[in-house]
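Q: Below is the structure I would like to discuss, written out as structure tokens.
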DNA sequence: GTCTTGTGTCGCTAAATTTTCGGTTTAGAT
DNA sequence: ATCTAAACCGAAAATTTAGCGACACAAGAC
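Protein chains in written order, with this note's numbering: chain U, -9 to 153; chain Y, -9 to 153.
What follows is the structure, given as structure tokens:
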């Protein structure tokens, strides 16, 4: 199976930036015909390189003004199962990572106000049997929050496409 | 200016899940004609409620197998400016948050290997004049990493759309 | 060297989707 | 009751995507 070449990377970079970039435009950028771009994008989807296309919704427009990182810890390993079940069904939790260090998990959470965060911590997180302690950091601002993966800048094929 | 009603929320939820959902399908879900959906989506874009549409690229497909959270700290407030400039231009940094607590900033970083992470810490972060200390947590797994915002489940208008 | 096979590309056409636009309905204000 | 503005609708037009057969090229078999 073919691997990801420079052309794919350029396409990925553009689609990562704008998931609705027309194939004609992608084709111009990489020097391929529209149908070839279509073929490549289809394969990138089939291979799972492109996991999906999602609209980025403004948190502030939804009044989700509070962004917090919550560390969660417990002693009994049996706690994990119930915790993860809770995490999966709780929409306020945007991310959940199993991390190294003194804590078990790190959550990324968005809520309306500090009151909602308080309710989240007490009613959702601490409500999981076995969860003993949490530590919460509030994000005051987020200078960068793209989530875009680094794709090596196209060099080689850009030249070819140029002529 | 109109605010975000239940129909908008349903549309946002669907587009957040699949940014290429056809307007015909959105229309069926909310009980509106295709042209009306188009109108709403256009306005959601203009109002900045939809900030963009992005393809989600698989980190593992790009061999970006290491996800780390890096806390960064300094004493001299003048350090911040150079730090933020560095952050903006460093593609390995997916997110950067100004957080409360003992640290100044929290970074979310993806690299290829631990070696690359080491290079990142030494060559990029610590290279910023004034940066005194860092603490790094490795993500062993990420049970949830959607980034999707919670949109209250549609109730009222779903009934109308049903008939 | 020649043949075969597989992959990638291309132009073209058909299908699907998006966009636009005039007309209609709805809701609120006067 | 009448007016106005906003939202909605259906249908046509424009754009984009999907699918197909042909062709070029490279790798491997013989």
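For each residue, glycine too, the CB sits at the ideal point set by N, CA and C.
On a predicted model such as this, the values are computed, not experimentally measured, just so you know.
1. Compile a chain-ordered list of the residues in the segment 39 to 64 of chain Y whose CB is closer than 8 Å to at least one CB of chain U.
2. Hey, quick one: how far does the beta strand (DSSP E) through residue 123 of chain Y stretch, first residue to last?
3. Determine the burial state of residue 157 of chain U: buried for a count of at least 16 other Cβ atoms within 10 Å of its Cβ, exposed for fewer.
4. Taking the continuous beta strand (DSSP E) assigned at residue 96 of chain U, which residues delimit it?
5. Please return the same chain residues whose Cβ sits closer than 8 Å to the Cβ of residue 24 of chain U, not counting the five positions on each side in sequence.
6. Thinking just about the alpha-carbon of each residue, which of U:22, U:-7, U:28 and U:-4 is nearest to the one in residue 10 of chain U?
7. Shorter than 8 Å from the beta carbon of residue 25 of chain U to some beta carbon of chain Y?
8. Identify which residue in Y:91, Y:-6, Y:82 and Y:139 has its Cα closest to the Cα of residue 109 of chain Y.
9. Can you list, in chain order, the residues of the segment 86 to 114 of chain Y whose Cβ is nearer than 7 Å to any Cβ on chain U?
10. Residues of chain U with a CB under 7 Å from the CB of residue 135 of chain Y: which are they?
11. Counting only Cβ pairs nearer than 8 Å, list the residues of chain Y close to residue 8 of chain U.
12. Secondary structure at residue 84 of chain U, three-state DSSP: helix, strand or coil?
13. Threshold first: 3 residues or longer. Then list the beta strand (DSSP E) segments lying entirely within the segment -1 to 55 of chain U, N to C.
14. Residue 88 of chain Y and residue 55 of chain Y look like a contact to me (Cβ under 8 Å); what is the Cβ gap, rounded to whole Å?
15. Residue 57 of chain U bridges to which residues according to DSSP?
A: Answer, in terms of the structure:
1. When CB distances to chain U are screened at a threshold of 8 Å, the residues of the segment 39 to 64 of chain Y falling below it are 39, 40, 41, 42, 43, 44, 45, 46, 47, 48, 49, 51, 52, 54, 57 and 59, in chain order.
2. Going by DSSP, residue 123 of chain Y is part of the beta strand (DSSP E) stretching over 121 to 135.
3. The displayed coordinates of chain U run from -9 to 153. Any statement about residue 157 of chain U would go beyond what the structure contains.
4. Element bounds for residue 96 of chain U: 95 to 101.
5. Result list for residue 24 of chain U: 13, 14 and 17, in chain order.
6. Selected option, being the one with the closest Cα: U:28.
7. So no, residue 25 of chain U is outside the interface.
8. Across the set Y:91, Y:-6, Y:82 and Y:139, the C-alpha of Y:82 shows the shortest separation from the C-alpha of residue 109 of chain Y.
9. Residues passing the 7 Å Cβ filter: 86, 87, 88, 89, 90, 91, 96 and 100.
10. Chain U residues near residue 135 of chain Y: 85.
11. At a C-beta separation below 8 Å, residue 8 of chain U has these neighbours in chain Y: 42, 43 and 44.
12. Strand.
13. Whole beta strand (DSSP E) segments, 3+ residues: 40 to 47.
14. Taking the Cβ atoms as the reference, residue 88 of chain Y lies roughly 28 Å from residue 55 of chain Y, outside the contact range of under 8 Å.
15. According to DSSP, residue 57 of chain U bridges with U:100 and U:129.
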